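Taking this note's numbering, the leading residue of the sequence shown gets 1, the next gets one more, and so forth. Here a beta-carbon is modelled for each residue, glycine too, at the ideal position from N, C-alpha and C. Keep in mind the model is a prediction, meaning the values are calculated, not measured.
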Amino acid sequence: MQTSTSLALSEFEHDVLNGLQKNPKSLSSKYFYDDEGSRLFQRIMHLPEYYLTRSELEIFTKHKEAMLSLFNSEQEGFELIELGAGDGLKTKVLLSHFSERNVPFTYIPIDISEKALDELTANLSREIPDMAMQPVNDDYFKALNGQMTYSQYTKRIVFFLGSNIGNFSEERSLQFLNQLKNCLNPGDMIMIGFDLQKNPFTILSAYNDTQGITRDFNMNLLDRINRELGADFRTDRFVHYPIYDPATGEARSYLVSLLKQQVYLEKLDEWVYFEEGEALHTETSRKYTLSQMKQLCTQVGLKPIHYFTDSKHYFADMLLKV
Ligand code: AVI
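Below, the structure is given as structure tokens:
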């Protein structure tokens, strides 16, 4: 007889069940971003403690002219592909600048959240009406394999901003960069945003804001499992617990069970058990030194051509050539 769990599970169902049944427990941070999670992340980006977005915005504002001359050195125009575009706040600074300069380019934002992408495209169509834009609503790994086709421009510049790379393990980062490189041609470029190692208290506060928005963002993972898998997680029985380890450069977020408890996942007909004090790992946000950044990229054969930083040296965007 087939039990409910032996029926084909979706990737989400499979990963949630696996992650909650292993020891130590962990869930992938990619599952933060349902519509509610994407909305909470937009709020995080405006928090006073979350310096990452402001630092990268400063970099783009300060270096837009230098970036343009590196992107369009042969005046041939380009496709600007942004992976995980979100609200495009930082990129908008560049897009407006390029448009004002009548630079020939097409903007291709790729995002898994349809809502975030709709809002972004509506906003950009209003603010930069003459810009050519081709949004793609997909997981960017899938989009990378299937959707990256040539437009009228042969040169492609891929943006992977906001320290998104920091949410990957080292192995996954190398795999991702390799995969990206294989989709591109010699001469194409990649710009990657890295959060830099700094005062550990500055980093820790970014993941432990006083308004509790990051806590809600982390807890939303449990709410999402409740919504989608009919689970009965009680978020008041868990605590949001972020740490930063300067020895490894890893900020890690956990949800720690405040008591011995069991949770039922109705859709999967499975029980999950937590001990008092047991941790569920939900996210790693890796911070880099400049030499670690370069080493990561050169390991896959990408050539660093320039890096840009903000005035506090909190963040760096590295431009690489394929
Ligand atoms: C999307 N990512 C780069 C964010 C980060 O800083 O790791 C996600 C985030 N998690 C908590 N706050 C923000």
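Identify every run of the beta strand (DSSP E) within the segment 151 to 180, keeping only runs that are complete inside it and at least 3 residues long; order them along the chain. Counting only runs of 3 or more, we get 156 to 160.
To the nearest angstrom, report how far apart K64 and V93 are at their CA atoms. Translated into the one-based positions of the sequence shown, residue 64 becomes position 64. Translated into the one-based positions of the sequence shown, residue 93 becomes position 93. So the two alpha carbons sit approximately 8 angstroms from each other.
For G212, which of helix, strand or coil comes out of DSSP? Taking the first residue of the sequence shown as position 1, residue 212 is located at position 212. Correct three-state label for G212: coil.
With contact counted as at least three CB pairs below 8 angstroms, one residue from each stretch, are the segment 283 to 300 and the segment 162 to 177 in contact? Segments in contact, yes.
Residues in its own chain within less than 6 angstroms of L117 by CB, not counting five upstream and five downstream? Position 117 of the sequence shown holds residue 117. Closer than 6 angstroms at Cβ, skipping near neighbours: D111, P135 and N137.
Please name the residue in V300, S38, S29 and E266 whose C-alpha comes closest to that of F176. The residue labelled residue 176 in the question sits at position 176 within the sequence shown. The shortest Cα separation from F176 among V300, S38, S29 and E266 belongs to V300.
Once you ignore the five residues that flank I305 on each side, which residues in its own chain have a CB closer than 6 angstroms to its CB? One-based indexing of the sequence shown puts residue 305 at position 305. Exclusion of the five residues before and after I305 leaves L319 and K321 as the residues of its chain whose Cβ lies within less than 6 angstroms of its Cβ.
Along the beta strand (DSSP E) that carries Y107, what are the first and last residues, could you check? As a first step, residue 107 is located in the sequence shown; it is residue number 107 there, counting from the start. F105 to D111 is the span of the beta strand (DSSP E), which, as asked, contains Y107.
Nearer than 6 angstroms: is that true of the beta carbon of G88 relative to any heavy atom of ligand 1? Taking the sequence shown and counting its residues from 1, the one referred to as residue 88 is at position 88. Flag unset: Cβ of G88 not near ligand 1.
Residue from K260, M189 and S151 whose Cα sits closest to the Cα of T106: Within the sequence shown, residue 106 is the residue found at index 106, counting from 1. Nearest C-alpha to T106: S151.
If distances are taken between C-alpha atoms only, which option among D87, S253, K142 and N18 comes closest to S29? Start at 1 with the first residue of the sequence shown, and residue 29 comes out as number 29. With distances taken between Cα atoms, S29 lies closest to S253.
Do you know offhand how far E380's Cα is from G162's? Outside the shown range of the chain, which is 1 to 322, sits residue 380, and nothing can be said about it.
Are the segment 202 to 219 and the segment 31 to 49 in contact at 8 angstroms, needing three or more beta carbon pairs? With the cut-off at 8 angstroms, the segment 202 to 219 and the segment 31 to 49 touch.
Following a CB-centred definition, is N72 positioned closer than 6 angstroms to any heavy atom of ligand 1? The residue given as residue 72 occupies position 72 in the sequence shown. N72: no, Cβ never under 6 angstroms from ligand 1.
Anticipated Cβ contact below 8 angstroms, R126 with F78, distance rounded: Residue numbering aside, residue 126 sits at position 126 when the sequence shown is read from its first letter. Residue numbering aside, residue 78 sits at position 78 when the sequence shown is read from its first letter. With a contact defined as Cβ atoms closer than 8 angstroms, R126 and F78 miss out at about 24 angstroms.
beta-carbon G77 near ligand 1 non-hydrogen atom, thresh 6 angstroms: Here the question's residue 77 lines up with position 77 in the sequence shown. Not so, every heavy atom of ligand 1 lies at least 6 angstroms from the Cβ.
In chain order, what residues of the same chain lie with their CB nearer than 8 angstroms to the CB of L174, ignoring the 5 residues before and after it? Position 174 of the sequence shown holds residue 174. Cβ within range, chain order: L296, Q299 and V300.
When you measure from the CB of G249 to every non-hydrogen atom of ligand 1, does any distance come out below 6 angstroms? Taking the sequence shown and counting its residues from 1, one reaches residue 249 at position 249. Not one heavy atom of ligand 1 falls within 6 angstroms of the beta-carbon of G249.
Going by other Cβ atoms of all chains shown within 10 Å of its Cβ, with 16 needed for buried, is L259 buried or exposed? As a position in the sequence shown, residue 259 is number 259, starting the count at 1. Within a 10 Å sphere around the beta-carbon of L259 sit fewer than 16 other beta-carbons, which makes this residue exposed.
What's the call for T61, buried or exposed, on a 16-neighbour Cβ count within 10 Å? Residue numbering aside, residue 61 sits at position 61 when the sequence shown is read from its first letter. With fewer than 16 Cβ atoms within 10 Å of its Cβ, T61 is classed as exposed.
Looking at the strands, I want to know which residues DSSP matches up with L319. The sequence position of residue 319 within the sequence shown is 319, counting from 1. In DSSP, L319 forms a bridge with M191 and H306.
May I ask you to list the residues that DSSP assigns as paired with P242? The residue given as residue 242 occupies position 242 in the sequence shown. Partner(s): S253.
Neighbourhood of Q2 by C-beta distance below 8 angstroms, restricted to the same chain and skipping five residues each side: The residue labelled residue 2 in the question sits at position 2 within the sequence shown. Here Q2 scores only 42 on pLDDT, less than 50, and its place in the model should not be relied on; the value that follows carries that caveat. The answer is none, since no qualifying residue turns up.
Please report the straight-line C-alpha distance between S257 and Q211, rounded to a whole angstrom. Sequence index remark: in the sequence shown, residue 257 carries index 257 (1-based). Sequence index remark: in the sequence shown, residue 211 carries index 211 (1-based). For S257 and Q211, the distance between alpha carbons rounds to 21 angstroms.
Selected residue, minimal CA-CA separation from A143, among P109, M133 and R172: For the purposes of this step, residue 143 is identified with residue 143 of the sequence shown, where counting begins at 1. Distances from the alpha-carbon of A143 to those of P109, M133 and R172 put P109 closest.
With distances taken between CB atoms, is the gap from G84 to Y140 smaller than 7 angstroms? Residue mapping note: residue 84 aligns to position 84 of the sequence shown, counting from 1. Residue mapping note: residue 140 aligns to position 140 of the sequence shown, counting from 1. Yes. Within cutoff.
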